[in-house]
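Presented below is the structure to which this report refers.
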Amino acid sequence: MFRREFFRNAVRAIGAAATLTAAARVGASTLKIPESGQVNPRDRHFWRQVREQFPLTRRRTYLNTGGLGASPQVSIDALQAKMEALEEISEVGHTHDLWQEIKSSAGCLLGCEAEELAYTRNTTEGSNIVCNGLPLRAGDEVITTTHEHVGNTLDWIARQRRDGIVVKTFTPSMVSAQQNVDRIEALLTPRTRVLSLSHVTCATGQILPMKAIGELAAAKNLWYFVDGAQSAGMMPVDVRSWGCHAYATSGHKWLLGPKGTGLLYVSREAQQVIEPRFVGAYSGGGEWDMITTGEFTFGDTAQRYEYGTVNVPLFVGLGASMDLLHSIGIDNVWQHNHAMGAALKDGLNELGAHVLSPQHADEHSSIITFKIDRMPYQELQSFLGREHKLRTRGIYEGGLNGLRISLHLYNDFDDVDRVLAGVGAAMAS
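The numbering of the sequence shown is my numbering, which starts it at 2 and goes up by one.
This is the structure we're talking about:
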């Protein structure tokens, strides 16, 4: 019997602990969602209720979900309960039903099936699986942007060094979505093989036109990979409608999960082409003597990209965090986030700051990047942290040299006002 089957049977004794704990759902159930299912983005009482689900300190204002999301108490409790249950019987906890339950929840947020999802540690690992699994040869070209995170660039650069592929970049246009499609098309040659792009860029929070880019990729027969680190959990995602072959995200940002969790979507079509480079228990099946027979078959789902023992309590915590997002409704979360982003952008414009994020409503997210005259971003970040207790993130990517504000469901419009007050004070100093 293959190892994964052994553990599947061994941990049936866990019983109720094999599913998300009831305690993990209590906090979300206390939120009073209107009967319509729609929440006003400016409903101060409701969003303060949401804020109470998180043990975030009030000694500072947290504005860096783009780097690291805070986990709700239900996630922390679920993680702890699962760890205690497993340690009590000393089992790993890799049960099929639990895996499917959490992946199905994630699939509802990403627009895919559970069988198209693999667990990873973060977006970077997912990106590396795709980058190193695609059948590319020397001279094949990959197109990406100058606003990518290093997690979606260093892997391609490393493969360029190792295998001789060619990485080509463009700087995203802030004028229109179509201009970005045009800039991609201008870089296409007969050797172009891959488009590797962010849904929401980490540098400016720009929303790239996923569906239009997917149509271009399909027309040119290109592999289409999306870095979703800054979109899953912030806004609705629908990987199927975009036509992308793979999408990687982190559990520890906008999905609010424990650190060290990630998700990789690989379409059923792409699973037959993107080859797993790291292989072990849970990657597939065979007989116990396969080391002598050499016979091994990858699983027929995206689990083929998983290998070895996984920290199950972490993913139970992620499942609890996603339960909270589902209970609020990802559309409600997005409306709240987007409205805060718009208010911050407009307020910065009124102050005379240089907003580096898109101005158009369809292209900006709840990540807003900006800079001000006469004060380098490092000094501004230090000033806001010291004098106004604001946790922000400097942006050096793409030579932007700005300051990034990331607003999520535990933030509210009072936080936007705090940022504007701090920036105004900095500009007056």
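Backbone N, C-alpha and C fix where the C-beta goes; we use that ideal spot for every residue, glycine too.
N- and C-terminal bounds of the alpha helix (DSSP H) containing Y378 | Taking the sequence shown and counting its residues from 1, the one referred to as residue 378 is at position 377. Counting along the chain, the alpha helix (DSSP H) containing Y378 begins and ends at Y378 to H389.
Taking just the CA atoms, how far does L315 sit from T302?
-> Sequence index remark: in the sequence shown, residue 302 carries index 301 (1-based). Sequence index remark: in the sequence shown, residue 315 carries index 314 (1-based). Straight-line Cα distance between these residues: approximately 21 Å.
Looking at the structure shown, is R194 part of a helix, part of a strand, or coil, going by DSSP?
-> Against the sequence shown, residue 194 aligns to sequence position 193. If DSSP states are grouped into helix, strand and coil, R194 belongs with the strands.
Can you tell which of G229, K372 and A219 has the C-alpha that lies nearest to the C-alpha of E446?
-> The first residue shown for the chain is 2 and the last is 430, placing residue 446 beyond what the model contains.
Considering only residues of the segment 261-322, which uninterrupted alpha helix (DSSP H) runs meet the minimum length of 4 residues and lie entirely inside it, listed in chain order?
-> Every alpha helix (DSSP H) stretch that sits fully inside the segment 261-322 and reaches 4 residues is listed by chain position as 269-272 and 291-294.
Ignore the nearest five residues each way along the sequence and tell me which others in V240's own chain have a CB closer than 6 Å to its CB.
-> In the sequence shown, residue 240 corresponds to position 239, counting from 1. Within the same chain, V240 has close Cβ partners L111, G112, C113, Y248 and Y266.
For H339, the three-state DSSP class (helix, strand or coil) | The residue labelled residue 339 in the question sits at position 338 within the sequence shown. If DSSP states are grouped into helix, strand and coil, H339 belongs with the helices.
Return the chain-ordered list of same chain residues with a C-beta closer than 7 Å to the C-beta of K390, the five sequence neighbours on each side being excluded.
-> Start at 1 with the first residue of the sequence shown, and residue 390 comes out as number 389. Correct list, in chain order: R60, R61 and T62.
Beta-bridge pairing of L111 - partner residues as DSSP gives them | Along the sequence shown, one-based indexing puts residue 111 at 110. L111 pairs with nothing; no bridge assigned.
CB contact check: S177 to chain C, cutoff 7 Å | Absence of chain C from the displayed structure is noted, only one protein chain being present.
Segments of 4+ residues assigned as alpha helix (DSSP H) that fall wholly inside the segment 68-118 = 74-90 and 97-111
C-alpha gap between R163 and E142, whole angstroms | The residue given as residue 163 occupies position 162 in the sequence shown. The residue given as residue 142 occupies position 141 in the sequence shown. Whole-angstrom Cα-Cα distance: 14 Å.
For H409, the three-state DSSP class (helix, strand or coil) = For the purposes of this step, residue 409 is identified with residue 408 of the sequence shown, where counting begins at 1. Looking at H409 - three-state DSSP - the assignment turns out to be coil, as it is neither helix nor strand.
Counted within 10 angstroms of its Cβ, other Cβ atoms place I431 as buried (16 or more) or exposed = The requested residue 431 does not occur in the structure, where the chain is confined to residues 2 to 430.
Who are the near neighbours of G353 in its chain, counting only those whose CB is closer than 6 Å to its CB and skipping five residues on each side?
-> Residue 353 sits at position 352 when you count from the first residue of the sequence shown. Counting only Cβ-Cβ distances below 6 Å, and skipping sequence neighbours, we find nothing.
If we ignore side chains and look at the alpha-carbon of each, how far apart do L345 and E85 end up?
-> Within the sequence shown, the letter at position 344 stands for residue 345. Within the sequence shown, the letter at position 84 stands for residue 85. Rounded to the nearest angstrom, the two C-alpha atoms are 43 Å apart.
Rank M175, I144 and E149 by C-alpha distance to the C-alpha of Q161 and give the top, closest one.
-> As a working note, residue 161 is residue 160 in the sequence shown. With distances taken between Cα atoms, Q161 lies closest to I144.
Any idea what DSSP makes of H361, helix, strand or coil?
-> Working through the sequence shown from its first residue, we reach residue 361 at position 360. Reduced to three states, the DSSP call for H361 is coil.
Segment contact flag, the segment 408-423 with the segment 334-351, C-beta cutoff 8 Å, min 3 pairs | yes
How is the alpha helix (DSSP H) around T124 delimited, first residue to last?
-> The residue you call residue 124 lines up with position 123 of the sequence shown. Per DSSP, T124 belongs to the alpha helix (DSSP H) from T124 to G134.
Between the C-alpha atoms of L137 and R194, what's the straight-line distance to the nearest angstrom?
-> The residue labelled residue 137 in the question sits at position 136 within the sequence shown. The residue labelled residue 194 in the question sits at position 193 within the sequence shown. Cα to Cα, L137 sits roughly 8 Å from R194.
Considering only the beta carbon of each residue, do G70 and L257 sit closer than 7 Å?
-> Numbered from 1 along the sequence shown, position 69 holds the residue referred to as residue 70. Numbered from 1 along the sequence shown, position 256 holds the residue referred to as residue 257. Contact: yes.
Tell me where the beta strand (DSSP E) around S174 begins and ends.
-> Your numbering for residue 174 matches position 173 in the sequence shown. No beta strand (DSSP E) contains S174, which DSSP labels as neither H nor E.
Sequence-distant residues of its chain with Cβ nearer than 7 Å to N181 (five each side left out) | Position 180 of the sequence shown, counted from the start, is the residue given in the question as residue 181. Excluding five sequence positions before and after N181, the CB atoms of its chain that fall closer than 7 Å to its own CB belong to P173, S174, L209 and P210, given in chain order.
Per DSSP, W224 forms a beta bridge with which residues?
-> By 1-based counting over the sequence shown, the position of residue 224 is 223. Per DSSP, V195.
Within this structure, are the beta carbons of A321 and A79 separated by less than 7 Å?
-> In the sequence shown, the residue the question calls residue 321 occupies position 320. In the sequence shown, the residue the question calls residue 79 occupies position 78. Their beta carbons are under 7 Å apart, which means A321 touches A79 by this criterion.
Could you give the DSSP three-state label for H246: helix, strand or coil?
-> Within the sequence shown, numbered from 1, the residue matching residue 246 stands at position 245. In this structure, H246 counts as coil in the three-state DSSP scheme.
What do you get for V238, buried or exposed, if any count of 16 or more other CB atoms within 10 angstroms of its CB means buried?
-> The residue you call residue 238 lines up with position 237 of the sequence shown. Note on V238: 16 or more other CB atoms within 10 angstroms of its CB, so buried under the neighbour-count rule.
The segment 369-376 / the segment 402-413 touching (three or more Cβ pairs under 8 Å) = yes
Quick one: grab the DSSP three-state call for E142.
-> Numbered from 1 along the sequence shown, position 141 holds the residue referred to as residue 142. If DSSP states are grouped into helix, strand and coil, E142 belongs with the strands.
Please work out which residues of its chain come closer than 6 Å, Cβ to Cβ, to V27, disregarding the five sequence neighbours upstream and downstream, and give them in chain order.
-> The sequence position of residue 27 within the sequence shown is 26, counting from 1. Model confidence at V27 stands at a pLDDT of 43, short of 50, so the residue's coordinates are unreliable and nothing is read from them.
So, helix, strand or coil for I34, using DSSP?
-> Taking the first residue of the sequence shown as 1, we reach residue 34 at position 33. Reduced to three states, the DSSP call for I34 is coil.
Enclosing alpha helix (DSSP H) for I185 [first to last residue] | The sequence position of residue 185 within the sequence shown is 184, counting from 1. A178 to L188 is the extent of the alpha helix (DSSP H) around I185.
R269 to E117 span [Cα, whole Å] = Locating residue 269 in the sequence shown gives position 268, where the first residue counts as 1. Locating residue 117 in the sequence shown gives position 116, where the first residue counts as 1. Rounded to whole angstroms, R269 and E117 show a C-alpha spacing of 6 Å.
G263 beta carbon less than 7 Å from that of G252 = The residue you call residue 252 lines up with position 251 of the sequence shown. The residue you call residue 263 lines up with position 262 of the sequence shown. Their beta carbons are under 7 Å apart, which means G252 touches G263 by this criterion.
Straight-line gap, E36 to D332 (C-alpha atoms, nearest Å) | What you label residue 36 is simply residue 35 of the sequence shown in a count that begins at 1. What you label residue 332 is simply residue 331 of the sequence shown in a count that begins at 1. Near 15 Å, if we compare the C-alpha coordinates of D332 and E36.
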